[in-house]
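In terms of our numbering, the sequence shown is residues 2 to 76.
Worksheet for the structure shown next.
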Amino acid sequence: MSETNQQPDFWRELKEELAQVGQSLADGWSSAGVNIRNQLRMLRGAKVDYVVIPLEGPLLERAQPPRSFIQRQLP
Numbered sequence: 002m003s004e005t006n007q008q009p010d011f012w013r014e015l016k017e018e019l020a021q022v023g024q025s026l027a028d029g030w031s032s033a034g035v036n037i038r039n040q041l042r043m044l045r046g047a048k049v050d051y052v053v054i055p056l057e058g059p060l061l062e063r064a065q066p067p068r069s070f071i072q073r074q075l076p
């Protein structure tokens with residue numbers, strides 16, 4: 002009887018682990034593609050002027066830029 006209770010857990014865990022493996026593979030291929038592209042650019046003498054930073058979650062909202070002199074004078 003305990004085996005029937007563990008079957009759904011096994012499949013759920015397997016699904017989660019396979020999803021993680023798939024995401025890791027996708028990230029690895031993406032990173033490899035970026036590295037190959039950058040190496041080819043460096044061989045051509047082009048400068049690489051950007052950095053990819055993976056972020057988790059949404060970005061915070063930025064404050065609005067300060068208002069101009071005329072905008073401050075208006076009501």
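C-beta atoms are modelled at their ideal positions from N, C-alpha and C, and glycine is treated no differently.
- Listed in chain order, the non-local C-beta contacts of Ala27 below 6 Å within the same chain number zero, local neighbours out to five positions each way being set aside.
- Its Cα nearest to that of Val53, the residue Asn39 stands out among Gln21, Asn39, Glu62.
- Here the alpha carbons of Leu15 and Pro9 stand approximately 10 Å from one another.
- Take the alpha-carbon of Glu62 and the one of Ser69: they are about 21 Å apart.
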